[in-house]
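Accompanying notes for the structure given below.
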Ligand code: CUA
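Numbering (this note's numbering), first residue to last: 841 to 1005.
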């Protein structure tokens, strides 16, 4: 009868166990640093009850007249409506230093929204409003585009944020 209670681990396996736990530690530090030091945000659904059949109707929702609204000096919201195969509006212009909160939804199929040079990157689902914010600190032209395949016109689905000095 074997009454050994000591756990025998092969030296090489022991090394890999240590490496595995070290990697978990590094990843945890990376996630926490991204979240708390660099302000990475998760794309939280803002609202799940928007009716995709009514969303584009003027007056029915805030997406009936999509576009920019100033909330306070230096703080704007952009309501962007996605559809096959365009964004409405296709172009928005803001002064440098503006914080813009993007609200995006779709009136038909699933799309994506990625804004170059920012951490804004989310899926756009019918019936749901996706929301993320960024502050434009450098003048220039920033492209946004659909990154979820949505049909034969998918590659034409893009727009621009123009940041003026
Ligand atoms: Cu919309 Cu791809």
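For glycine and all other residues, C-beta sits at the position ideal for the given N, C-alpha and C.
**OP:** Please report how far the alpha carbon of residue 923 lies from the alpha carbon of residue 882, in whole angstroms.
**Re:** 23 Å
Subject >> Proximity test, residue 954 beta-carbon vs the ligand CUA heavy atom, cut-off 6 Å >> reply: no
Subject >> Length at least 4, wholly inside the segment 856–881: the alpha helix (DSSP H) runs in chain order >> reply: none
**OP:** Mark residue 1004 as exposed unless 16 or more other C-beta atoms lie within 10 angstroms of its C-beta, in which case mark it buried.
**Re:** exposed
**OP:** With a threshold of 6 Å, establish whether the CB of residue 917 neighbours any heavy atom of the ligand CUA.
**Re:** no
Original post:
Helix, strand or coil: which one does DSSP assign to residue 931?
Top reply: strand
Original post:
Helix, strand or coil: how does DSSP classify residue 969 here?
Top reply: strand
Original post:
Where the beta carbon is closer than 5 Å to any heavy atom of the ligand CUA, which residues qualify, in chain order?
Top reply: 951, 986, 990, 994, 997
Original post:
Since residue 963 is in the beta strand (DSSP E), which residue starts that stretch and which ends it?
Top reply: 961–964
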